[in-house]
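Undergrad:
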Ligand SMILES: [Ca+2]
Ligand SMILES: [Ca+2]
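In the working numbering, the protein residues as written are 33 to 134.
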């Protein structure tokens with residue numbers, strides 16, 4: 033798979049209700065997944081081990097985590113991250129990471 037196909041695969045994997053947008057709940061799951069994938073290198077899909085961490089946070093905490101992300105990445109302010117917004121957010125994150133490393 034190309035990097036682009038992989039990104040789309042990730043996006044669809046977290047789009048639980050299949051409406052081609054990530055809502056807050058789906059974003060939370062994707063955040064934990066990315067964190068987990070980073071720990072395991074190369075981001076292998078691991079459907080056998082869904083991240084349990086999300087249950088450790090209350091709704092208020094989750095909203096506090098997700099609000100800034102939506103604020104930053106939800107460019108058209110519809111309350112969801114669609115695929116173009118997701119791709120852009122990934123680019124921004126990668127760029128930010130590079131900046132931090134220098
Ligand atoms: Ca969705
Ligand atoms: Ca949006």
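Ideal Cβ placement from N, Cα and C applies to all residues, glycine included.
Note that this is a predicted model, so its numbers are computed, not measured.
(1) Taking the straight line between their C-alpha atoms, what separation do you get for residue 104 and residue 50?
(2) By Cβ distance below 7 Å, which residues in the same chain neighbour residue 114 in space, the five residues on each side in sequence not counted?
(3) Pick out whichever of 121, 127 and 99 has its Cα sitting closest to the Cα of residue 39.
(4) Which two residues bound the contiguous alpha helix (DSSP H) that contains residue 112?
(5) Alpha carbon to alpha carbon, how far is residue 97 from residue 44? Give it in angstroms, no decimals.
TA: Quick look at the numbers:
(1) Here residue 104 refers to the residue found at position 72 when the chain shown is read from its first residue. Here residue 50 refers to the residue found at position 18 when the chain shown is read from its first residue. Taking the straight line joining both Cα atoms gives about 23 Å.
(2) Position 82 of the chain shown holds residue 114. 52 and 53.
(3) Residue numbering aside, residue 39 sits at position 7 when the chain shown is read from its first letter. Nearest neighbour of residue 39 by Cα position, chosen from 121, 127 and 99, turns out to be 121.
(4) In the chain shown, counting from the first residue as 1, residue 112 sits at position 80. It is not in any alpha helix (DSSP H) - residue 112 carries neither H nor E in the DSSP assignment.
(5) As a working note, residue 44 is residue 12 in the chain shown. As a working note, residue 97 is residue 65 in the chain shown. Separation of residue 44 and residue 97 (C-alpha to C-alpha, rounded to the nearest whole angstrom) is 21 Å.
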